[in-house]
């Protein structure tokens, strides 16, 4: 099984990048092959219908689509912006939706988020769900929203809170089990 | 495979009841065993923490939980009320969440809706997604929202619009395939 | 100016009831007349279209409508249930919407919530917004979601955290100012 | 009174651009001064925390902020993308939120949308509400979502459907009245 994983933040020192690295480590320990991407690999302009008509879907979106096609599912950790989805992630979703056949159909997607706030990105996670299902994805019932992320990580990239760490382990275990089950190939 | 199906409307002549009957017929044709319930079988009071402390979870909710446990997944057709989830369905979700162990974990759920409006219940469908995932359910990527439901049905309970009918067939076929795949037992 | 205020929880010891009492105290100090209601005054059955056709809108909903009509705006503190709106509050919204002319048009509404979780009810607050606007209400830009409500209150019903207390003061001051401004009478 | 109005689509032939032009015409007839902007005036890159740290908020976002500051409220017509907010509009919101003091506080915002679908952009409208309120804006209770927009316009830019046209007139009248009322200056 192969899972695509990336952080939808490009900020240096991003908590979401820390979280996705930890998730990738945990998935590897579960004997999953992890394609840990950097969001910059998928750089693309803001969606623009005229641009699409002239030049087609940009290379960054096409690369992302290929990596999704090659994977059995995906895990993305994204900040929430202004109580909603982060624009960079929604923009990737919007370009992806222009690619035919869609690479996302029947792929399971695990939503993760990290934020310094107490809410931990839940509002962005919720805003994303209708778009992911519309792309044909199976949104995992478990969502991992890491609150107070500025205090959450140990020096070696683990979680300070053992209960949270076990919760993440359990969630990822469930996800891997479901991805195995949902193999439609 | 067995699927629980019901309309979350108790109104006589409900479009959602018409839709769930059609869905049940289509599922039966796919050789699925359908437990077609009537929402009144699960009558329960409005959620009230004091009532729960005194008397526990009401019988209607416990019956619903048993029927979910006995099924491999569920299809519910519900109206949207006031651009959000219909209170009767949310109330059932809220009581269900008080039952341990939860009967909903890892069960796939297909969201359907019918409404006389052009929007067809989409706003209620979207408002429901976070609650269903929180209960551990796999929300099907396909959602069937039937707009202008007052003009949508033939006399024998089919859909007037052949393209919509084929879309519903395709969606239910995909759902059945996924429920088979997601069998965790 | 008169504001209707209530907690949408009937549970004994409810954090939302604590919060609405504090809010009522603060509004009174701002020289607002507060109609502090108890949610049980508005007891009503689950929405049921047949019941409505037979008996009309139930008395509890009509009483709520009258109290809203007599007020210049309202503040409601409600728990979130299962990452969405609490069914009892949504049910009140759904019955209210059946009353003509609607008592809610152009009334400002301040969303408050209290919960033992870190998220503090934000997911329920967000799920409520489309329904409130559909009823014609002006949703205040400020939302007060009290996280870890089990540890948030002093013995005399104030907030332990002085910064939160000041934030609530500022939010209520802004709301009162806007209710004054939005007087359409 | 001055209102900022723009379409959040840059596509040639955009239905949202048609709709905002009609809205601007109607507002002008109500003796409102309309600042009808073109979204390209506010071109800005995708939000990127590193970019912000290096160069600050981009010029397009600062221009948008100034235009909002100079207005008493705003009307934006935006497509919905993939059952959620359109990335270009969310990106503008996300950059705007980085400007201090925020230009959006207490400004009323009228949500409009046009789409060829039957749903007319409602899902994008709903996804936007929490972000607008978080920026301090008063979201108008009325939302104008134009379904089947490909068939909705007359040759001179009016609406084919007289009932819809009257509804839009009534909504804009209510909005103008509220913007007058909400004048905090």
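Residue numbers (the working numbering), protein chains in the order written: chain U, 1 to 185; chain W, 186 to 370; chain F, 371 to 555; chain R, 556 to 740. Heads up, the beta-carbon is just placed ideally off N, CA and C, and yes, glycines get one too. Just so you know, these numbers come straight off a predicted model, no measurement behind them.
Given the structure, does residue i come close to the ligand FMN, in the sense that its CB is under 7 Å from one of the ligand's heavy atoms?
i: residue 468(F); result: Ligands are entirely absent from the displayed structure, and the ligand FMN is therefore not among its contents.
Can you tell me the Cβ-Cβ gap for residue i and residue j, rounded? I've got them flagged as a contact below 8 Å.
i: residue 389(F); j: residue 457(F); result: So it is not a contact: roughly 19 Å between Cβ atoms.
i: residue 229(W); j: residue 280(W); result: 6 Å
i: residue 682(R); j: residue 639(R); result: 5 Å
i: residue 317(W); j: residue 294(W); result: 5 Å
i: residue 139(U); j: residue 324(W); result: 6 Å
i: residue 231(W); j: residue 416(F); result: 6 Å
Please classify residue i as buried or exposed, where buried requires at least 16 neighbouring CB atoms within 10 angstroms.
i: residue 674(R); result: buried
i: residue 38(U); result: exposed
i: residue 383(F); result: exposed
i: residue 546(F); result: buried
i: residue 233(W); result: buried
i: residue 450(F); result: buried
i: residue 656(R); result: exposed
i: residue 679(R); result: buried
i: residue 289(W); result: buried
i: residue 202(W); result: buried
i: residue 625(R); result: exposed
i: residue 163(U); result: exposed
Taking 8 Å as the threshold (C-beta atoms), are residue j and residue i in contact?
i: residue 696(R); j: residue 499(F); result: no
i: residue 150(U); j: residue 689(R); result: no
i: residue 99(U); j: residue 62(U); result: yes
i: residue 91(U); j: residue 565(R); result: no
i: residue 367(W); j: residue 178(U); result: yes
i: residue 187(W); j: residue 357(W); result: no
i: residue 447(F); j: residue 393(F); result: yes
i: residue 557(F); j: residue 514(F); result: Because chain F spans 371 through 555 in this model, residue 557(F) falls outside it and cannot be assessed.
i: residue 590(R); j: residue 563(R); result: no
i: residue 445(F); j: residue 482(F); result: yes
i: residue 227(W); j: residue 241(W); result: no
i: residue 257(U); j: residue 116(U); result: Nothing about residue 257(U) can be read from this structure; chain U reaches only from 1 to 185.
Can you list the residues of chain F that residue i reaches, using a CB-CB cut of under 7 Å?
i: residue 273(W); result: 416, 417
Run through chain W and tell me which residues come within less than 9 Å of residue i, C-beta to C-beta.
i: residue 138(U); result: 293, 323, 324, 325, 326, 363, 367
Which chain R residues sit within Cβ distance under 7 Å of residue i?
i: residue 134(U); result: 637, 638
Check the Cβ of residue i against every Cβ in chain U and list those closer than 9 Å, keeping chain order.
i: residue 303(W); result: Those within 9 Å of residue 303(W) in chain U number zero; the least Cβ separation is about 18 Å.
Name the chain R residues that come within less than 9 Å of residue i, Cβ to Cβ?
i: residue 499(F); result: 681, 684, 685, 688, 694
i: residue 12(U); result: 604, 605, 608
i: residue 16(U); result: Those do not exist, as residue 16(U) stays about 11 Å from chain R at its closest Cβ, beyond 9 Å.
Report the neighbours of residue i on chain U: residues whose CB is nearer than 8 Å to its CB, in chain order.
i: residue 618(F); result: Since the displayed chain F opens at 371 and closes at 555, residue 618(F) lies outside it and no answer follows.
i: residue 652(R); result: 81, 82
Quick one: list the residues of chain W neighbouring residue i, beta-carbon separation under 7 Å, in chain order.
i: residue 377(F); result: Those within 7 Å of residue 377(F) in chain W number zero; the least Cβ separation is about 12 Å.
i: residue 702(R); result: 303
Listing by chain order, which chain R residues have their CB less than 8 Å from the CB of residue i?
i: residue 38(U); result: Ordered by position in chain R, no residue passes the 8 Å Cβ test against residue 38(U), which lies about 13 Å from the chain.
By the criterion of Cβ-Cβ separation under 8 Å, what are the contact partners of residue i in chain W?
i: residue 464(F); result: 266, 267, 271, 272
i: residue 520(F); result: Simply none; closest approach about 14 Å.
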